[in-house]
Each structure stands twice: as C-alpha cells, then as structure tokens.
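Engineer:
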Amino acid sequence: MCSAQDPAPDAKIIDLLSKKADNGIAHVSLEYFPPRTEQGVKNLHARMERMKTNTTALYTDMTWGAGGSTAELSLDLALHAHRTGHVSNLHLTCTNMEKDGDPVKAVREALQAAYDGGIRNIVALRGDPPEGSDEWTAAEGGFACALDLVRYIRKEFGDSFGISVAGYPEGHPNRISQLTDEEAANMSDSEKGRCCTHDGITYVCKDDDYKKEMDYLKEKVDAGGDFIITQMFFDAEVFKTFVKDCREWGINCPVVPGLMCINAYPGFKKMTKFCKTRVPKDLGEKMDAMKDDPDAVKKFGVTFGSEICRSLLDSGVEILHFYTLNLEKVVYGITDDLGITSGLVEKSDEKDAKDMVAVGSAWARVGDKVKGSAGEGVVKEMRKDGTAVIEVDGKDVEMAKGSYEKVFS
Ligand SMILES: Cc1cc2nc3c(=O)[nH]c(=O)nc-3n(C[C@H](O)[C@H](O)[C@H](O)COP(=O)(O)OP(=O)(O)OC[C@H]3O[C@@H](n4cnc5c(N)ncnc54)[C@H](O)[C@@H]3O)c2cc1C
C-alpha cells in the first residue's frame, strides 16, 4: 500500500522513449548493479542521485544478481531509485526463483512488491547459470527462458508493467560456436561482421543460428516486450546491422544500444571473453598496449566510447544506455564529449571504486584466479556441486566449494 508521501507510480519507459531528449542530442539511461557491502550500497545511493541529476537520465536500470543472488537487494535498490525520482527499470531473471516448492513464487512476489512500490518497468530475462554451473537448467514447472517470463507477466499482470527484453547483436553466447580453421576461412560476409577471436580461437554465431536467435527475439517482442536493450558490443556496425535485421524480421520496437564503459583492462578482457564479444583488431591492440596503465585505459574508455556513440547517433539512435559498472568518470567523459553534459568529468569522484564490487562477481568461474588451502591458481573446471578444478603451479587440484575464494586483481 502506498503512503501519501510516496511518489506517483513510474511512467512506462516505452512512452518516454517516443519523446525527444531536452538536450537535443540523445537520452541517456544508466545501469547499476547491487554492490557487495553496506558501504557500497550507501555509496551507490549517492552516485545514482548525482548521476541522475547530472545527466538527466531518462531511466535507471538495476540488475538482478546472477542466480537470484541479490533478489532482495535488487528490489530494494530499484524501489529506492523510484522513491528518489528515477524511473526505475528492474531486471528480473528466472534463475533460482522457486520458493516453498512453487517454481514461480519468488517471481510473482518480486513483481507484486515492485508494483506495490510504484515500479512499472521490468527487464524480463532468463539469467545466467547459478554459481557452480556452466549450463542453465529450468526448475521443474518453472520458466525455461525469458519468453516464458514475458508471457507470465502479461498473463498475470496485464499491462501493469512496461517490459524490455535482451537482444544480442552478435548472437547469444549459447549459440556462438568455436570454428575450425576451415570454417573460419569460409565464413559468410554476415558471419565475418559478427565473429570474434579470443586466445587465437575464432567464434561466431553462424547464420543459421543467428536466424534462430532473431526468430526467438521476435517471439519475445510479440509476447509483450515493448523494447529491446542490447548486449554490449564494441563495433558500431554490429549494432546497425542488428537493427536493420530486426526491422527485416518485423521487430519494429525501439532497440536501445547497451554500451559497456571501458573502465579497466582486466574487466574488459574477462567480460569480452565470457560473452564472446567481437573486439575489433585496432581496439584489441590499443587495449593490450595500455594494459599496465589504468589511467590511460580510462582516458581511452572515454575516447572510444565517444567515437562509438557518435557513430550510433549518426545512424539515428536516440538513447544511449550505459553499463556504468557503478562508476561515473567514463560516462561523464563521454556525455561531456558528445555535448549532452558539460564539465562533469572534472567533477567526477571515484574514490569509492573499491566498494563497487558486484555480489555475483564474488563467484569464481572458469578462468578466474582463486586462492584456497592448496594455494593460488586459475579455475579450469567447475563441477555442479561447486567443486573447482584449479591449476596450481602446473598441477590440477580439486578444491571443494567454500574452501577457495576469488582473488580480485
Ligand atoms: C540488457 C541485458 C541485461 C541483463 N541483465 C541481467 C541481470 O540483471 N541479471 C543477470 O543475471 N543477467 C543479466 N543479463 C544476462 C542474461 O541473463 C544472460 O545473457 C542469459 O544467459 C540469457 O538471458 P536472456 O533473457 O537473454 O535469455 P533468453 O531470452 O531466454 O535466451 C537465452 C538463449 O536461449 C535461446 N532460447 C531460449 N528459449 C528458446 C526457445 N523457446 N526457442 C528458441 N531459442 C530459445 C535464445 O535464443 C538464447 O540463445 C542481461 C543481459 C542483457 C543483454
């Protein structure tokens, strides 16, 4: 029940998107994740307030921690955003949402609490696999994919919520395959535009798989998705082709580009490898050359971010959605460069950066550095029960769940 002092329920973002930005250039939207510590949450409240005021952000996304790990905190932060004047866009995933033997109870409760608190916008997602698994599996009788969640929201809550869904300009990582040398030499032109190389291996979402992705995306939109927010990309042409393909597929809703801010070298390398993101050769080389110079990486993050945004704006994009990583400097650098804001980068304050670590990032996955009873090493394999196979000094050692922890570099 809302009290007299509570603000009115949020507008639906789809209705706001049709209006031109006051700055005459583009709308900005900002995405945050729940931090691990109480201090981090306090700092995030302050940063969200500053960034909303400084950039006049159209709306504010709060992620749902991997595996439902931050359910309560995500909801709290999204409600806090609503109460403090943001239009709140709450992410919701289907992973680990069973409660009291009911496979969808936690989803229903989260939606009801969001609605009661005035939130009117949801990003409907499947979610990544929970800790200890590399593969996503549905709970018995639960949702199998984001499409199921979109259908559920529309069935149970009608038009109470605006819904956005995820789109993958390079294909979802589950449908991105490793190519043999022969396949890599014989890619189609569209595959060449989407492919990526990590550690010398070429990956691509093959044309047949890409078509399946587009068919499925159309289903998500037809089932009730109002607009699409994309996975990060570092090649503007990939986004432009994706929008063109959406239109060819009869997907006519707004497509909002998701822009990952380049803040630090290790995070960039890890995320692009995990998501099998296309990294243009020039970008990869520049990042490698700056890997030991964090300040240079941040500066470059602004230059690169501004370039890609300019290219998107030239192609008719009217909103820029920043994955802020709970930081402000690079976002401000870009919005200043584009003329959306002015003089913000000099005022930016990231002294609290060490508190801005995500809950889910405490989990170790393949490729992460961990330390435990048997020493420090890199995770090679993760078993379903959380046991990790870790390479320590050239030897594979098994460490049980709870006996190792991730090392942050
Ligand atoms: C904008 C954005 C925001 C995100 N926010 C979060 C977040 O807050 N928390 C979090 O944990 N993760 C988040 N993620 C990551 C996301 O949860 C993962 O990428 C996840 O693996 C897939 O989620 P999805 O909603 O895209 O899944 P889905 O839409 O279900 O698709 C997943 C894959 O399965 C295939 N598929 C599923 N069902 C079918 C079907 N019936 N027929 C054919 N193909 C099917 C799809 O084609 C696709 O390849 C976000 C991703 C994006 C792009």
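Letter by letter, the sequence shown follows residues 10 to 418 in the working numbering.
For glycine and all other residues, C-beta sits at the position ideal for the given N, C-alpha and C.
Relative to the alpha-carbon of D216, which residue among G209, R184, F236 has its alpha-carbon at the smallest distance?
Structural biologist: Residue nearest to D216 within the set G209, R184, F236 is R184 (criterion: CA-CA distance).
Engineer: Look at I271 and V306 and say whether their C-beta atoms are less than 8 Å apart.
Structural biologist: I271 places its beta carbon less than 8 Å from that of V306.
Engineer: How big is the Cα-Cα spacing for H91 and A115?
Structural biologist: 21 Å
Engineer: Between K28, T65, T46, V50, which has its C-alpha nearest S351's C-alpha?
Structural biologist: T65
Engineer: Classify E414 as helix, strand or coil using the three-state DSSP reduction.
Structural biologist: strand
Engineer: Closest to L188 by C-alpha separation, out of G202, H89, T206, L134, would be which residue?
Structural biologist: Distances from the CA of L188 to each of G202, H89, T206, L134 were compared; the closest alpha carbon is that of T206.
Engineer: If you follow the alpha helix (DSSP H) that G202 is in, where does it begin and where does it stop?
Structural biologist: 198-203
Engineer: Can you confirm whether the segment 195-213 touches the segment 287-305 when touching is taken to mean that 3 or more C-beta pairs between the two stretches lie within less than 8 Å?
Structural biologist: yes
Engineer: Sorted by chain position, which residues of the same chain lie with C-beta nearer than 6 Å to D346's C-beta, five sequence neighbours on each side aside?
Structural biologist: Apart from the 5 residues on each side of it in sequence, D346 sits with its Cβ closer than 6 Å to the Cβ of S315 in its chain, given in chain order.
Engineer: Between the Cα of T79 and the Cα atoms of C103, P263, V398, which residue gives the shortest distance?
Structural biologist: The option with the nearest alpha carbon to T79 is C103.
Engineer: What is the rounded straight-line gap between the Cα of F277 and the Cα of G74?
Structural biologist: Take the alpha-carbon of F277 and the one of G74: they are about 19 Å apart.
Engineer: If you measure between the beta carbons of A298 and K229, is that distance less than 8 Å?
Structural biologist: no
Engineer: Got a sec? Which residues, its chain only, sit under 7 Å from T46 by beta carbon, not counting five neighbours each side?
Structural biologist: D364
Engineer: Count the other C-beta atoms from every protein chain shown that fall within 10 angstroms of the C-beta of D109, then say buried if there are 16 or more, exposed otherwise.
Structural biologist: exposed
Engineer: Can you tell me whether DSSP reads T206 as helix, strand or coil?
Structural biologist: For T206, the three-state secondary structure derived from DSSP is strand.
Engineer: Using DSSP bridges, identify the partner residues of Q187.
Structural biologist: Y212
Engineer: Among M223, L134, P266, whose alpha-carbon lies nearest the alpha-carbon of F242?
Structural biologist: P266
Engineer: Check whether the Cβ atoms of F283 and P178 sit closer than 8 Å, and answer yes or no.
Structural biologist: no
Engineer: Let me know if Q240 comes out buried or exposed under the rule of 16 or more other beta-carbons within 10 Å of its beta-carbon.
Structural biologist: buried
Engineer: Heavy atom of ligand 1 less than 7 Å from the Cβ of E5, yes or no?
Structural biologist: Residue 5 is absent from the structure shown; the chain starts at 10 and stops at 418.
Engineer: Classify E257 as buried or exposed, calling it buried when 16 or more other Cβ atoms lie within 10 Å of its own Cβ.
Structural biologist: exposed
Engineer: Whose CA, out of V311, S324, D358, lies closest to the CA of I343?
Structural biologist: V311
Engineer: With the cut-off set at 8 Å, would you say F166 and A367 are in Cβ contact?
Structural biologist: no
Engineer: Can you give me the C-alpha to C-alpha distance between V174 and L226, rounded to a whole angstrom?
Structural biologist: 8 Å
Engineer: For M10 and P16, I'd like the C-alpha separation in whole angstroms.
Structural biologist: Per-residue confidence for M10 stands at a pLDDT of 42, beneath the threshold of 50, marking its modelled position as unreliable; the derived number appears in the next sentence. Straight-line Cα distance between these residues: approximately 12 Å.
Engineer: Have a look at Y341, A362, V387, K389 and flag the residue whose alpha-carbon is nearest the alpha-carbon of K356.
Structural biologist: Closest in C-alpha terms to K356, from the list Y341, A362, V387, K389, comes Y341.
Engineer: Return the first residue and the last residue of the alpha helix (DSSP H) that H100 is part of.
Structural biologist: Segment 97-101 is the beta strand (DSSP E) holding H100; no alpha helix (DSSP H) there.
Engineer: According to DSSP, simplified to helix, strand and coil, what is F242?
Structural biologist: coil
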